[in-house]
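Residue numbers (the UniProt record's numbering): 1 to 382. Note that beta-carbon positions come from the ideal geometry of N, C-alpha and C, so glycine has one too. Below is one structure, written out as C-alpha cells; comments come after it.
Okay, structure coming up:
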C-alpha cells in the first residue's frame with residue numbers, strides 16, 4: 001500500500017479508512033485482473049464483481065481528488081528547519097573500535113575521552129548551524145535521531161548550551177541524541193527546548209528496531225507527549241516509531257498539528273521510509289517534519305504533499321559510502337510547515353474498516369460452509 005503514495009488522489013483514502021482501504025483496492029485489482037485473464041473481454045461478459053470494483057475505484061479517486069481540492073490545509077504556516085549531520089561525520093567522530101566498546105557498555109577511560117572530544121566538535125557544528133538557521137528565520141529546528149552520542153557526564157553541559165541557543169534565538173529546538181551508559185542499556189531520546197530555554201518536552205524512543213536496538217537501548221514508555229505552542233500542538237516521535245500506524249494514532253487522538261520525527265536512515269531505505277511518513281501524515285491529518293541523517297529529510301503536509309526535502313543518504317546499511325558522495329558536513333533544510341492539522345475520519349474510527357473486512361470474510365466462509373453442509377444433506381437421486 002505504501003507504493004501508492006505517488007497517487008495523490010488514492011492516497012487520500014488513508015484519511016478515511018487508513019492503509020486498509022488502499023490495500024483492499026490493491027487486492028481487489030489483482031482479483032479482477034485474474035478474472036479478466038480467465039474470462040477475457042469484452043466488457044459485456046463482465047460479472048457484477050468487476051463493475052462494483054470499477055465503481056469503488058472511481059469513487060476512491062474522485063473522492064480523493066475532491067478532498068485534495070476542497071479540504072486543503074490551513075494557510076497559516078511556520079518556518080521550520082532540519083539541521084542534519086552526515087552519517088560519515090558522526091561515525092568518523094569516534095574511532096570504530098572505541099565506538100564498539102562504548103555501545104557494548106565496556107568502554108575504557110580512553111574511549112570516553114575520545115567520545116568527549118569527538119562529540120564536542122560535532123555538537124559545536126550542530127549548534128552553530130542551528131543558530132544560523134534561527135537567524136535565517138526558522139522558528140522550529142529539528143535534529144535527526146542520534147545526532148550526538150553523549151556520556152552521562154557530558155549530557156548536562158550539552159543541555160545547557162542547547163537551552164541557551166533556544167533562549168537567545170527565540171526558537172523551539174528539537175535535539176535528538178543517545179546517552180551511552182556503562183554496564184546498562186543506553187537511551188535514545190529527544191528533548192524540545194522552548195524559546196525560554198526550558199526543557200518543554202522529553203521523549204524516549206518506544207518502537208525499537210528488533211535485533212538491532214532492543215537489546216541495546218532502554219525502551220520508552222510508549223506515550224507520545226504533546227506541547228502547545230503559538231505554532232500549533234507539537235509532538236515528537238523517533239524514526240521507527242513512525243512505521244507503526246497504531247502507535248502514531250495517539251497523535252491524531254490528541255489533536256496534534258505538527259509531528260516532528262528525528263530519524264536515522266541509510267540509502268537503501270530512504271524512499272520507503274519517507275513514504276511511511278507521508279502515509280502517517282494523511283491518516284492522522286498532521287504535518288510531518290522528518291529530520292533524517294543518512295536519508296531524506298522532508299516537510300510533508302496533512303494531505304501527503306512533500307513541501308520541502310533534502311537528500312543526505314550518504315551511506316548504505318553496511319556503512320559503504322554512496323556514490324556520488326554527498327556533503328560530509330552539517331546541512332540545513334528550510335521549509336514552511338502548515339501550522340494546523342486536519343480532522344480525518346480515520347482519527348475517529350481507527351481500524352474499523354479492517355475489522356469489518358475480517359468480519360465479512362468470516363461471514364462468507366460461514367455461508368460457504370452452510371451451503372456445503374446443505375448440499376451434503378440432500379439425498380442422492382438414483
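Practice problem: Please state whether DSSP places residue 224 in a helix, a strand or coil. | Solution: Here residue 224 sits in coil by DSSP.
Practice problem: Flag this pair as touching only if the region 294-301 and the region 237-247 have three or more C-beta atom pairs under 8 Å; answer yes or no. | Solution: Contact check between the region 294-301 and the region 237-247: fewer than three CB pairs, one atom from each, fall below 8 Å, which does not count as touching.
Quiz prompt | Beta-carbon spacing of residue 138, residue 79 below 7 Å | solution = Yes, these two residues count as a Cβ contact at 7 Å.
Exercise. Please confirm whether residue 186 and residue 178 have their CB atoms less than 7 Å apart.
Key: Between residue 186 and residue 178, the CB-CB gap stays under 7 Å.
Quiz item: Quick one: what does DSSP say residue 316 is sitting in, helix, strand or coil?
Solution: Looking at residue 316 - three-state DSSP - the assignment turns out to be coil, as it is neither helix nor strand.
Exercise. Indicate the three-state DSSP secondary structure (helix, strand or coil) for residue 167 in the structure shown.
Key: Helix, per DSSP.
Quiz item: Which class does residue 6 belong to by DSSP, given the choice of helix, strand or coil?
Solution: Taken through DSSP and simplified to helix, strand or coil, residue 6 comes out as coil.
Quiz item: Short check: CB of residue 32 to CB of residue 291, under 7 Å?
Solution: No, they are not a contact pair.
Practice problem: Determine, using beta carbons only, whether residue 102 and residue 115 come nearer to each other than 7 Å. | Solution: Yes, Cβ-Cβ distance for residue 102 and residue 115 is below 7 Å.
Quiz item: Quick one: complete alpha helix (DSSP H) runs, 4+ long, within the region 145-192?
Solution: The qualifying runs are 152-169.
Exercise. Within the region 48-136, note down every full beta strand (DSSP E) run reaching 3 residues or more, in order along the chain.
Key: With a minimum length of 3 residues, the continuous beta strand (DSSP E) runs that stay inside the region 48-136 are 77-84.
Quiz item: Whose CA, out of 3, 23, 335, lies closest to the CA of residue 351?
Solution: Selected option, being the one with the closest Cα: 23.
Practice problem: Have a look at residue 224 and residue 204 and give me their C-alpha separation to the nearest angstrom. | Solution: Rounded to whole angstroms, residue 224 to residue 204 spans 9 Å at the Cα level.
Quiz item: So, helix, strand or coil for residue 219, using DSSP?
Solution: In this structure, residue 219 counts as coil in the three-state DSSP scheme.
Practice problem: Flag this pair as touching only if the region 362-378 and the region 311-328 have three or more C-beta atom pairs under 8 Å; answer yes or no. | Solution: By the Cβ rule, the region 362-378 does not count as touching the region 311-328, because fewer than three pairs are nearer than 8 Å.
Self-check item: the region 250-269 touching the region 339-357, judged by at least three CB pairs closer than 8 Å
Solution: The region 250-269 vs the region 339-357: in contact.
Quiz prompt | residue 120 to residue 329 span [Cα, whole Å] | solution = Cα to Cα, residue 120 sits roughly 15 Å from residue 329.
Exercise. Tell me whether residue 36 sits in a helix, a strand or coil according to DSSP, three-state version.
Key: In the displayed model, residue 36 falls within a helix according to three-state DSSP.
Quiz item: Which of the three DSSP states, helix, strand or coil, is assigned to residue 298?
Solution: DSSP places residue 298 in the strand class (E or B) of the three-state scheme.
Quiz item: According to the Cβ coordinates, are residue 236 and residue 258 closer than 7 Å?
Solution: No, Cβ-Cβ distance for residue 236 and residue 258 is not below 7 Å.
Quiz item: Unbroken beta strand (DSSP E) runs of length 3 or more, entirely within the region 200-286: which are they?
Solution: Here the runs fully enclosed are 226-229, 232-236, 258-264.
Quiz item: How is the alpha helix (DSSP H) around residue 356 delimited, first residue to last?
Solution: That run of the alpha helix (DSSP H) goes 352-377.
Quiz item: Using 8 Å as the threshold, is the region 165-182 in touch with the region 352-368, meaning 3 or more CB pairs across them?
Solution: No, the region 165-182 does not touch the region 352-368.
Quiz item: Going by beta carbon distance, what residues of the same chain come within less than 8 Å of residue 272, once the five residues before and after it are set aside?
Solution: Contacts found: 2.
Quiz item: If you draw a straight line from the C-alpha of residue 391 to the C-alpha of residue 68, how long is it?
Solution: No answer is possible for residue 391: it lies beyond the span of the chain, which begins at 1 and ends at 382.
Quiz item: Should residue 339 and residue 76 be called a contact, given that it needs their Cβ atoms to be closer than 7 Å?
Solution: With a cutoff of 7 Å on beta-carbon distance, residue 339 and residue 76 are scored as near each other.
Quiz item: First and last residue of the alpha helix (DSSP H) that includes residue 348?
Solution: Segment 345-349, the alpha helix (DSSP H) holding residue 348.
Quiz item: What residues match up with residue 329 in a beta bridge as DSSP calls it?
Solution: Beta-bridge partners of residue 329 (DSSP): none assigned.
Quiz item: Between 289, 105, 326, which lies nearest to residue 181 when the distance is taken from Cα to Cα?
Solution: The shortest C-alpha separation from residue 181 is found at 105.
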